[in-house]
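A.B. asks: Counting in my numbering, the sequence shown runs from 25 upward without gaps. Ideal Cβ positions, reconstructed from N, Cα and C, are used throughout, including at glycine. Please read these numbers as outputs of a predicted model, since none were measured by experiment.
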Amino acid sequence: MEPRLNFYKSGPEAMKAMSALEQQIARSGLEKSLIELVRLRVSQINSCAYCIDVHTSDARKAGESERRLSTVAVWRETPFFTDTERAALEWTESVTLVANTRVPDDVWNRVKDHFTPAEMVDLTLLVNTINSWNRFAIAFRKLPV
């Protein structure tokens with residue numbers, strides 16, 4: 025696979041807008057480790073090799089264990105994640121797969137007790153933003169280095 029386009033060089037204003045989203049996520053009250061788990065799970069769902077590589081590394085730097093990183097794709101079948109992390113991961117999957125899931129009420133009902141309304145907005149922004157990054161990286165064939 026060969027890279028198609030350097031989207032940072034070709035669209036600096038678009039990347040500035042994406043960076044503004046990242047700044048909001050960084051200012052949010054969401055824990056850094058949770059942010060990286062969400063980014064990793066979305067990237068797994070979307071099969072984005074570049075983002076999986078980046079966010080696995082970033083999650084390690086945020087203190088994530090190899091055990092949790094290797095099982096985030098099967099989080100439902102492991103005891104390694106907190107109830108809040110499980111809620112975030114379920115929301116992450118449902119929002120990422122919105123065309124199929126329509127983000128049902130039962131998912132909402134399981135998630136809403138773990139996050140404030142502002143945190144729900146920030147969590148959803150996080151999911152949307154990493155989905156956007158995945159689409160840039162996949163469409164333009166950004167490769168892990």
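Can you tell me the Cα-Cα spacing of Ser81 and Asp130, whole angstroms?
C.D. replies: Between Ser81 and Asp130, the C-alpha separation is close to 33 Å.
A.B. asks: Assign Arg51 to one of three DSSP states: helix, strand, or coil.
C.D. replies: Here Arg51 sits in helix by DSSP.
A.B. asks: Is the CB-CB distance between Arg65 and Glu117 below 8 Å?
C.D. replies: Yes, the Cβ-Cβ distance between Arg65 and Glu117 is below 8 Å.
A.B. asks: Note down the Cα distance separating Asp146 from Ala97, rounded to an integer number of angstroms.
C.D. replies: Going from the Cα of Asp146 to the Cα of Ala97 covers about 22 Å.
A.B. asks: Around the C-beta of Trp99, are 16 or more other C-beta atoms found within 10 angstroms, so that it is buried, or is it exposed?
C.D. replies: With 16 or more other Cβ atoms within 10 Å, it is buried.
A.B. asks: Candidates Asp107, Glu101 and Asn155: which alpha carbon is nearest Val122's?
C.D. replies: With distances taken between Cα atoms, Val122 lies closest to Asn155.
A.B. asks: Determine the direct distance from the alpha carbon of Ile76 to that of Ser94, and round the result to whole angstroms.
C.D. replies: Taking the straight line from one Cα to the other gives about 11 Å.
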